[in-house]
Amino acid sequence: MLPLRAYARLARPPRLPRPTQLARSSLPRPSPSRPAAHYLALAPAPSIRCLHSSASTLKEKRWLNNTPPEDDGDDGQSSKQDDHPEKPLPEAESSKSAEERAKSQSSKPDIKASSSGSVSSPSAPAPGSPGGQSPPGAGGPKEITKPVIPEIYPQVLAIPITHRPLFPGFYKAITVRSPPVIKAIRELQAHGQPYVGAFLLKDSSVDSDVVTDINQVQPVGVFCQITSCFTSQEGEGKPEALTAVLFPHRRIRINELVTSSSVNGGGAVGIGAPLEEGSAEGEGEVKSFESEVPGVEEVREELGTVSIDSEQQLPDVQRENQDLEKKEVTQIDFLHSLLPQVSLTNVSNLSVEPYEKDSQVIRAIMSELISVFKEIAQLQPMFREQVTSFAISNTSSQVFDEPDKLADLAAVVSTADVSDLQAVLSSTSIEDRLQRALVLLKKELINAQLQFKIARDVDTKIQKRQREYYLMEQLKGIKKELGMESDGKDKLVEGFKEKASKLAMPEGVRKVFDEELNKLVHLEPAASEFNVTRNYIDWLTQVPWGVHTPENYDISHAIKVLDEDHYGLKDVKDRILEFMAIGKLRGSVEGKILCLVGPPGVGKTSIGKSIAKALGRQFFRFSVGGLTDVAEIKGHRRTYIGAMPGKPIQALKKVATENPLILIDEVDKISKAYNGDPASALLEMLDPEQNKSFLDHYLDVPIDLSRVLFVCTANVLETIPGPLLDRMEVLEVSGYVSAEKMNIAERYLSPQAKTAAGLEDVNIELEPGAIEALIRYYCRESGVRNLKKHIDKIYRKAAFKIVTDLGESGLPEPPTPPAEGQVEAQHPDIKPASELTSNVSPDAEGSGVDSKADVTTVPRKPMKVPAGIHVKITQENLKDYVGPPVYHKDRLYTHSPPAGVSTGLGYLGNGSGAVMPVEINSMPGKGNLQLTGKLGEVIRESAQIAMSWVKANAYLLGITKSEAESTLNERDVHLHMPEGGIGKEGPSAGTAILTAFVSLFTKTRVDPDTAMTGEISLLGQVLPVGGLKEKILAAHRAGIKKLIVPAGCKPDIDENVPESVKGGIEFVFVEDVRQVLHEAFRGTEVAKRWQETLPMDEEPQRERH
1 MLPLRAYARL ARPPRLPRPT QLARSSLPRP SPSRPAAHYL ALAPAPSIRC
51 LHSSASTLKE KRWLNNTPPE DDGDDGQSSK QDDHPEKPLP EAESSKSAEE
101 RAKSQSSKPD IKASSSGSVS SPSAPAPGSP GGQSPPGAGG PKEITKPVIP
151 EIYPQVLAIP ITHRPLFPGF YKAITVRSPP VIKAIRELQA HGQPYVGAFL
201 LKDSSVDSDV VTDINQVQPV GVFCQITSCF TSQEGEGKPE ALTAVLFPHR
251 RIRINELVTS SSVNGGGAVG IGAPLEEGSA EGEGEVKSFE SEVPGVEEVR
301 EELGTVSIDS EQQLPDVQRE NQDLEKKEVT QIDFLHSLLP QVSLTNVSNL
351 SVEPYEKDSQ VIRAIMSELI SVFKEIAQLQ PMFREQVTSF AISNTSSQVF
401 DEPDKLADLA AVVSTADVSD LQAVLSSTSI EDRLQRALVL LKKELINAQL
451 QFKIARDVDT KIQKRQREYY LMEQLKGIKK ELGMESDGKD KLVEGFKEKA
501 SKLAMPEGVR KVFDEELNKL VHLEPAASEF NVTRNYIDWL TQVPWGVHTP
551 ENYDISHAIK VLDEDHYGLK DVKDRILEFM AIGKLRGSVE GKILCLVGPP
601 GVGKTSIGKS IAKALGRQFF RFSVGGLTDV AEIKGHRRTY IGAMPGKPIQ
651 ALKKVATENP LILIDEVDKI SKAYNGDPAS ALLEMLDPEQ NKSFLDHYLD
701 VPIDLSRVLF VCTANVLETI PGPLLDRMEV LEVSGYVSAE KMNIAERYLS
751 PQAKTAAGLE DVNIELEPGA IEALIRYYCR ESGVRNLKKH IDKIYRKAAF
801 KIVTDLGESG LPEPPTPPAE GQVEAQHPDI KPASELTSNV SPDAEGSGVD
851 SKADVTTVPR KPMKVPAGIH VKITQENLKD YVGPPVYHKD RLYTHSPPAG
901 VSTGLGYLGN GSGAVMPVEI NSMPGKGNLQ LTGKLGEVIR ESAQIAMSWV
951 KANAYLLGIT KSEAESTLNE RDVHLHMPEG GIGKEGPSAG TAILTAFVSL
1001 FTKTRVDPDT AMTGEISLLG QVLPVGGLKE KILAAHRAGI KKLIVPAGCK
1051 PDIDENVPES VKGGIEFVFV EDVRQVLHEA FRGTEVAKRW QETLPMDEEP
1101 QRERH
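FYI, the UniProt record's numbering numbers position 235 of the sequence shown as 235, with every residue one higher than the one before it.
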């Protein structure tokens, strides 16, 4: 007989008791404040079977051996029960024996009522006793009741989960890796309390089995039952993990975490504490995790003769129950020893706001949810199977008739965000829960429609291709049987033979062609070598063997063509005319290699097209600027995937002749890298002695390039390799002077810009004064590219001015041409979101772009400008079109400069000249020379040479009073050339620097209208320099009246400088620095004194233009 206090432990049955005891324990306890049914409600529904339970195995062996339990088990009076409690059938029993008992039980569908009036059926067996049949040897069938899930469970083991929250009624498997948590779960199973709380972690990146802070998890979770568990090994060397299958029952809210300090002071009676059982049959036998629940009669014997059904309650029992209520009672007190390694929480059931199941709004939302379920199920068969399985597994009620279960089902099957799913779980309003679930399901419908559309399109394409392939194979087979057509290889071979028959292939090339064609015949079309061989033969037949265009050697025609396209460029034109004259006399000419060198924008590239037009040849251009790969010139080997010949062979294929004009642009900008030097690869191609048998890596047969006229272009010669430069005939293309720019602007640039702006029929006048100002103050470059940009800008501004002045009334828009088609901006099969969800604002609907756009092939007609429009661009209003001038003045000193200043001439990097003053000043010091103005190494050496000559001739120049005097050694000299941001280099400033030194030390000014250029030697000789045309042009523009130049430059000036540039300038050709000084200081006192101390050998030669 058990003491009365032990009945408080009835809420913790580790397994379902025997059927007789369940029927008895369903009676209420004799307490008005807490009946016995309350404790029975805390009992678990199914009993848990642990795969590693040796006790279950032991019990199974006992039942298989037909060991009868020591219990009469029929009338409820168990005299031997206290000493020898009955061991119920374990859940680990095999399915075969369970089926046999179920069949025997089904033959007796006897339904009895328990002593408490509850109905129990054998068809609903208790988990602890499969089949609902009593063990062998029992006194007859026992009465059973359906297990009940505890409605109140104030304290649970909290399990944090990630990714998705759990919903009531839907299983979920979780993996636990923490050993203390695994131990706690096994303790729960051993004590018959397989209940935990599952709460979603707020941070999905955290992977933990313990909740250390209540804010780590969502406040609302689910109350779950552990239905099964098993261990798993995640990897070698890693600890075992426990996989548990959870079945959520209801929503719960977490209130607080249970800490070890809050449970140590207690003295609480643990309801879930295990009962003290007798010793087992042997010490080696494993004890069962079950505990016996006393029957009703035993309770009666313990309480006395008072009937349980009597309304009168015993005072002793009442006091006993009151004492129990005063103590804090939880079902999992046995886990308090594991704190804080596990997380225990106080929870409460989440209450739902009252609602009417037959509410019109709820019914409408449920109907919409069901219709969306049907739409998704039609689009996705997997979704249909999933929903069907969920609906069938929930046997407690019809899912689609219960609002809360329907909302949970919609959330479970959706792939929404975690926050949206948690919002559905946390919602206490059924209507709000349904609304949220509907939104999630609508999104699933949109995704399903898009997936269905994509899958349909892919299937359509695949089916179309498969159908075409199948029909083509059938067609090939039919044609082959009828002898109408072969597999296409014969036709390809015949095509190659026909092409080759029209070409005059050399004997070696013909032999290679026949070998490759024979190889192609014996290859299968599916072989990879077939395509390689076919491409090679195709390239062989694309080369114009023996095909050339007739050349035109008409000199007058060539002069007309060259003058129409270009102004000036006399040297280039004369060389082309010489080439044509030789061809006229010989009947044929060999290919030449010309190299046009000059500043940017002078027409080097465009003159190549004019030469080809004058000769009647085909034109092909390719640039080698920045080229680093030799294969671009020599081609790739055939073994490489995507191999192709080099640029020369591609040019021959494109022009389809052997004698084109090939322009190789930017030959001075070739680079080199690890894969070769392209400049060296050009040697074979540009060598007249070698290009008769040029060997391309891809074709690997000799090709004759001797009839090709190669024209190369470059800006400078210094960067061209010497061996390559030696194979080319260099033609200098100098910059244009102002008069040439004027002619080019009036004859070429202005008409082209006017036509490009759509103003060919409009009266627009660009005055010569405006063009002259444009050249002088905006475009001083030697080329005309920048001038063309400014003239284009002038006509664009004029067009804009005309359109804005006339307005829409003067130039109305033409009628829209009829639309010939429409382009769908969105596929019609994809429904917009506005058709799927009803909560889209009108503003959002109206803000979208038009889904259809009109297209047409009718060209737009140009506008007709009225005849009365007249625009005149003069020098005064030029800045309104091109902005303020870039260059304001040509001279730094507009008046007489101070002593120590001279005027030199320089050649700029853009191909133009400039007037460059030289400034020198001195101060007390030790004879040091300081140079500033971003000067190069050569110009620094010129300054040191000039300083040395002045010191050596200081007495003759009158700077010192005796030859022994060292006045210059006691003063520091500073030389500066203005515009320090521009680098200056070259020896041509030597005479100007020397003149500035003498001017400073003799305190004599230099005439501001006198400029000079020339290199000096240490002993005073003046050497010739280059860039005279550009320097004289700069002097002419600055208004210089006298130029002191080396005598060696006279032939260059007479040949290349136009008379228009030399007009108004006196040229003095000098050979010695004494002539320079006498001419620079002519008429001064020092010059008269020098006639005795520093006389000239002879007078310099003069020319005035």
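Note that beta-carbon positions come from the ideal geometry of N, C-alpha and C, so glycine has one too. Here the structure is a predicted model, which is why all the values come from computation and not from measurement.
Close CB contacts of residue 940 within its chain, under the 8 angstroms cut and outside five residues either way in sequence, are with 931 (chain order).
Beta bridge pairing from DSSP links residue 923 with 972. Beyond the five residues adjoining it in sequence on each side, residue 1101 comes within less than 7 angstroms, by CB distance, of 1047 and 1069 in the same chain, given in chain order.
Nearest C-alpha to residue 589 among 619, 779 and 552: 552. Rounded to whole angstroms, residue 872 and residue 1039 show a C-alpha spacing of 29 angstroms. About 14 angstroms separates the beta carbon of residue 153 from that of residue 246, a gap too long to meet the 8 angstroms contact definition. In the three-state scheme derived from DSSP, where H, G and I count as helix and E and B as strand, residue 538 is classed as helix. Of all C-beta pairs linking the segment 362–379 to the segment 399–409, three or more are shorter than 8 angstroms, placing the two stretches in contact.
Residue 343 holds the alpha-carbon nearest to the alpha-carbon of residue 258 among 243, 1057, 343 and 643. Per DSSP, residue 901 is one residue of the beta strand (DSSP E) stretching across 901–907. By the criterion of a C-beta distance shorter than 6 angstroms, residue 591 is surrounded in its chain by 706, 707, 708 and 709, once the five residues flanking it on both sides are discounted.
Per the coordinates, the alpha-carbon of residue 750 lies some 7 angstroms from the alpha-carbon of residue 791. Contact annotation: the segment 1046–1066 touches the segment 1020–1030, with at least three C-beta pairs closer than 8 angstroms. Within the same chain, 666 and 669 come within 6 angstroms of residue 625 by CB-CB distance, once the 5 residues on both sides are set aside. Residue 400 carries a helical assignment under DSSP once its states are collapsed to helix, strand and coil. Between the segment 201–217 and the segment 150–167, the count of Cβ pairs shorter than 8 angstroms is three or higher; the stretches touch.
The beta strand (DSSP E) runs of length 3 or more contained entirely in the segment 979–1037 are, from start to end of the chain, 1010–1012. The C-alpha of residue 231 is placed about 27 angstroms away from the C-alpha of residue 250. The C-beta distance from residue 972 to residue 923 rounds to 5 angstroms, short enough to meet the 8 angstroms contact threshold. Within the model, the alpha-carbon separation for residue 711 versus residue 658 is close to 16 angstroms. The closest CA to that of residue 999, considering only 942, 966 and 958, is found on 958.
By the Cβ-count criterion, residue 734 is buried, with 16 or more other Cβ atoms from all chains shown falling within 10 Å of its own Cβ.
Its chain contains 197, 221, 222, 223, 347, 348, 349 and 350 as the residues whose beta carbon lies nearer than 7 angstroms to that of residue 252, once the 5 sequence neighbours on both sides are disregarded; these appear in chain order. Residue 225 is not a Cβ neighbour of residue 174, given a cutoff of 8 angstroms. Look at residue 691 here: in three-state DSSP terms it is helix. Counting C-beta pairs closer than 8 angstroms gives fewer than three between the segment 689–704 and the segment 554–570, which falls short of the contact rule. Secondary structure at residue 940: helix, using DSSP grouped into helix, strand and coil. For residue 891, the closest C-alpha among the options 628, 915 and 163 is that of 915.
Nearest Cα to residue 445 within the set 865, 934, 372 and 675: 372.
Taking every protein chain shown into account, the CB of residue 475 has fewer than 16 other CB atoms within 10 angstroms, so this residue is exposed. Taking residue 649 as the centre and dropping the five residues before and after it, the same chain places the C-beta of 539, 543, 635, 696, 698, 699 and 703 closer than 8 angstroms to its C-beta, in chain order. If you look at residue 707, you'll find it isn't in any alpha helix (DSSP H); DSSP assigns it neither H nor E.
When C-beta atoms of the segment 1080–1089 are compared with those of the segment 764–775, fewer than three pairs fall below 8 angstroms, so the two segments do not count as touching. Looking at the DSSP output, residue 173 sits in a beta bridge with 245. Around the beta carbon of residue 1075, a 10 Å sphere encloses 16 or more other beta carbons of the protein chains shown; the residue is thus reported as buried.
Following the DSSP letters along the chain, one finds residue 422 in no beta strand (DSSP E) but inside the alpha helix (DSSP H) bounded by residues 418–426.
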